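I have placed the structure first, in the form of structure tokens, so that the comments after it can refer back to it.
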Amino acid sequence: MAIVELTQDNFDAVVAGNDMVLVDFWAPWCAPCRAFAPIFEAAAEKHPDVVFAKVNTDTEQELANSFQIRSIPTLTVFRQQIGIFSQAGSLPASALEEVIQQARALDMDKVREEISAQPGTTH
1 MAIVELTQDN FDAVVAGNDM VLVDFWAPWC APCRAFAPIF EAAAEKHPDV VFAKVNTDTE
61 QELANSFQIR SIPTLTVFRQ QIGIFSQAGS LPASALEEVI QQARALDMDK VREEISAQPG
121 TTH
């Protein structure tokens with residue numbers, strides 16, 4: 001599957017319209033980002049049912065700021081519109097695969113229950 005370029009304009013639609021979305025926050029000048037890119041692309045090929053997307057933090061500064069991205073690359077995983085994972089730093093292929101498998105294995109009903117049980121959460 002092709003990697004989707006996320007912008008402020010299409011971000012919500014992409015996350016809302018897909019069960020699982022992996023987002024790579026990156027910049028063209030970032031050497032670790034360039035090293036992570038082929039790993040991310042290989043995982044996208046291996047998992048065609050998952051949306052793999054990239055946010056260029058240089059051109060999408062408002063979007064990056066809304067996620068408080070302070071270091072790149074940062075990988076963020078959304079499952080059923082809920083952010084379930086976010087980590088800065090380049091991951092090796094085996095670690096990225098583990099993140100994907102753990103995200104698939106999550107009981108999202110339980111996750112939603114835990115979120116709604118948190119103080120200050122509205123239903």
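For the sequence shown, counting from 1, position 32 maps to 32 in the working numbering; every step adds exactly one. Heads up, the beta-carbon is just placed ideally off N, CA and C, and yes, glycines get one too. Just so it is clear, the structure is predicted and the values come from calculations on it, not from any experiment.
{"Asked": "Within the same chain, show all residues whose beta-carbon is closer than 8 Å to that of Cys30, passing over the 5 residues directly before and after it, in chain order.", "Found": "Ile72, Pro73"}
{"Asked": "Assign Asp24 to one of two classes, buried (16 or more other C-beta atoms within 10 Å of its C-beta) or exposed (fewer than that).", "Found": "buried"}
{"Asked": "Report back the beta-carbon spacing between Phe52 and Phe36 to the nearest angstrom; my notes put them in contact at under 8 Å.", "Found": "Rounded, the Cβ-Cβ distance is 12 Å, inconsistent with contact."}
{"Asked": "Out of Ser94, Val77, Glu60, Ala64, state which residue places its alpha-carbon closest to the alpha-carbon of Asp128.", "Found": "Past the edges of the chain, shown from 1 to 123, lies residue 128, and the structure says nothing about it."}
{"Asked": "Would you tell me roughly how many angstroms separate the C-alpha atoms of Glu97 and Ala103, rounded to the nearest one?", "Found": "10 Å"}
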